[in-house]
Amino acid sequence: MTQPTSKYSEEILRRVDMMGTVSVQELSQIMGVSDQTIRRVTRPLAERGALSKVHGALVSTKSALDPPFLSRMSLNREAKVAIAHAVVEIVQDGDSLTIDTGSTSAFIAQMLRKRRKLTVVTNSAFVASTLAMIPGNNVSMAGTQLRDHDSASFDRSAFQVVERAQVDYCVLSASMVHPESGFLIHEQCEVDMAFAMMNCASRSIMAVDASKFQPQARKPALRQPKLNKGDILVTNVTPPDAFRHMLAELEIQIAD
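Residue numbers for the sequence shown follow this note's numbering, beginning at 997 and rising by one.
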């Protein structure tokens, strides 16, 4: 018993570190073992800190190195996984959506691997590659030229692809939330892409973790598009009272 468990442990850690986060069910299918085996083997791994377990998902505890996008994915990782889990409960098999390039959106894309027959339009190569090989999915990569720090595209063709779409949801993220200015971000091209994604979606989902409600060392200067009445905010804590007026018309879902 000890030997196969050791082999499973090494394989599980390798795959979790490679994927960042993966559900117990998906990992059991990949490895060809039962969910119970995955849970049994990962229990001691989690106890010694080799990985984390959040909402039925296994999360790598390794710090990301060098690429800024991967570094951002390592920040507040458990909160982002919880948010991703909540978003996936909103999106159902067969839905269509656009997804932006934020690190939280990357976790959402990983969790969306449990869904089937999705139609996805994204300007993120990470999101596109995560979802493209799921059987039945229809994934469109918007754009041709990728940024070096996050593999996202904002060229003319990226906007053309998004503007031709018509989807159920758009999934957005932000760098900071301000009680008066709203959802903020650093780059104008990201604001423009958010407008394009919202315009082709029936409903928007804004996914931000609790840290975004706090002042940032480098304050973003650009406003994201204002969300519409009935759009959804998914976060991992109840927003502070100072944000109550700004968020009054939104459906707020707290991932715990």
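For each residue, glycine too, the CB sits at the ideal point set by N, CA and C.
query, result
"C-alpha distance - residue 1142 paired with residue 1125, whole-angstrom precision", "13 angstroms"
"For residue 1241 and residue 1038, the rounded distance between their alpha carbons", "43 angstroms"
"Cβ-Cβ separation, residue 1094 to residue 1161 (assumed contact under 8 angstroms), whole Å", "6 angstroms"
"Segment contact, 8 angstroms Cβ cut-off, at least three pairs: the stretch 1071-1085 with the stretch 1120-1139", "no"
"N- and C-terminal bounds of the beta strand (DSSP E) containing residue 1249", "1247-1250"
"Within the stretch 1064-1128, ranges of the beta strand (DSSP E) (whole runs, at least 3 residues)", "1092-1095 and 1115-1118"
"Cβ pair residue 1089, residue 1109 closer than 8 angstroms", "no"
"Cβ pair residue 1041, residue 1005 closer than 8 angstroms", "yes"
"Pair within 8 angstroms by beta-carbon distance, residue 1102 and residue 1251", "no"
"Residue(s) in a DSSP beta bridge with residue 1017", "1055"
"Enclosing beta strand (DSSP E) for residue 1200 [first to last residue]", "1197-1203"
"For residue 1050 and residue 1308, the rounded distance between their alpha carbons", "No information on residue 1308 is available, as it lies outside the stretch 997 to 1252 that the chain covers here."
"Backbone secondary structure at residue 1231 - three-state DSSP", "strand"
"DSSP beta-bridge partners of residue 1148", "1120"
"Meets three-Cβ-pair contact criterion under 8 angstroms: the stretch 1165-1181 and the stretch 1143-1151", "no"
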